[in-house]
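K.L.:
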Amino acid sequence: MSVQAAPAPSPQPPILLREIVGSVAVLTLNRPAARNSLSESMIGQLHASLNAIAEDKRIRAAVIAANGPAFSAGHDMKELTARRGDQDRGRAYFAQIMNACSAMMQAIVHLPKPVVAAVQGIATAAGCQLVASCDLAIASEAASFATPGVDIGLFCSTPMVALSRNVPRKQAMEMLLTGEPVPAARAREIGLVNRVVAAGTERDAAIALAQQVALKSAYTVKLGKEAFYRQAEMSLADAYRYAAEVMTENMMARDAEEGIGAFIEKRTPTWRDE
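To convert, note that position 198 of the sequence shown is 434 in this note's numbering; the numbers rise steadily by one, no gaps.
#1: Using a 10 Å radius around the Cβ and a threshold of 16 neighbouring Cβ atoms, would you call Glu501 buried or exposed?
#2: Find the nearest neighbour of Gln467 within the set Glu481, Arg327, Thr456, Ser376, judged by alpha-carbon distance.
#3: Going by DSSP in three states, Ser308 sits in which element: helix, strand or coil?
#4: Secondary structure at Ala379, three-state DSSP: helix, strand or coil?
#5: I believe Val432 touches Ala420 by the beta-carbon criterion, under 8 angstroms. Please report the beta-carbon distance rounded to the nearest angstrom.
#6: Skipping 5 residues on each side, what residues in its chain have a beta carbon closer than 8 angstroms to that of Met237?
#7: Decide if Met411 is buried, meaning its Cβ has at least 16 other Cβ atoms within 10 Å, or exposed.
#8: Check each candidate in Ile251, Phe330, Pro250, Glu255 and name the one with the smallest Cα separation from Arg439.
#9: Using beta-carbon positions only, say whether Asp371 and Lys452 come within less than 8 angstroms of one another.
#10: Which of the three DSSP states is assigned to Met237 in this structure?
#11: The beta strand (DSSP E) spanning Ala359 covers which residue range?
#12: Measure the alpha-carbon distance for Thr277 versus Gly363 and round it to whole angstroms.
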């Protein structure tokens with residue numbers, strides 16, 4: 237009697253998909269069954285991909301999208317809860333995850349290239365934080381946003397950092413204190429997203445927006461993005477002093493000389509990204 241070997245387990249699909257569309261990198265969260273929750277592995281892969289994009293001169297912009305009905309439901313609560321049995325009741329692991337997630341979100345802000353979120357469904361807690369951390373965001377009319385940690389006894393303190401830097405204070409506090417979902421149209425009104433588009437078109441719209449920015453001088457975009465976030469944390473006088481220094485530096489760049497010359501001569505500029 238022959239004994240058949242057990243079939244080999246099917247390989248698991250990657251949790252983060254990577255694609256290049258022209259000069260735009262598209263990162264797609266691919267844990268639809270887990271509502272694209274930000275597990276330890278997902279956070280690490282996103283951060284590594286952002287670092288790779290920063291170094292790749294062929295890539296001029298990035299899009300973060302997701303597969304399935306949810307953009308991202310935030311942290312993987314099952315993964316976190318599993319560490320309650322640790323000797324310290326999970327404290328060290330919780331700190332590790334929160335700091336790793338915060339570093340990944342900051343990597344988006346510090347990336348010298350624009351990042352566009354394409355939101356097709358719910359973006360809650362750290363998922364909402366991910367949208368708020370991106371430079372630009374396109375939302376499906378079916379999308380919604382929430383910071384509902386308060387409902388389970390866990391205030392969305394780290395999502396609060398990105399959220400409060402995107403929307404007016406009282407709107408941020410309402411989201412944080414009530415946990416109520418905000419529909420896409422309202423998210424646009426308060427500044428959490430740039431545009432709302434028909435369901436199913438948000439990915440293409442985000443790529444199109446990224447490609448539009450990718451046509452600009454990469455040097456100028458890098459300089460401007462860094463200056464935007466730095467001046468936002470300064471006093472008015474300090475912000476103007478800093479911005480004047482940036483403008484002076486920018487005027488000395490080859491691309492500014494080329495761009496201004498092209499404008500005067502009514503021709504298309506040729507960028508060298510320097």
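Cβ coordinates follow ideal geometry from the N, Cα and C atoms, glycine included. All values derive from a computational prediction rather than experimental measurement.
P.N.:
Concretely, from the data shown:
#1: exposed
#2: Glu481
#3: strand
#4: coil
#5: 5 angstroms
#6: With a pLDDT of 48 at Met237, under the threshold of 50, the modelled position of this residue cannot be trusted; read the value that follows with caution. Cβ neighbours of Met237 beyond the five flanking positions: none.
#7: buried
#8: Glu255
#9: no
#10: At Met237 the pLDDT is 48, less than 50, meaning the model places this residue with poor confidence and gives no usable figure here.
#11: 358-360
#12: It is Ser, not Thr, that sits at residue 277 in the sequence shown. When rounded, the distance between both Cα atoms is 15 angstroms.
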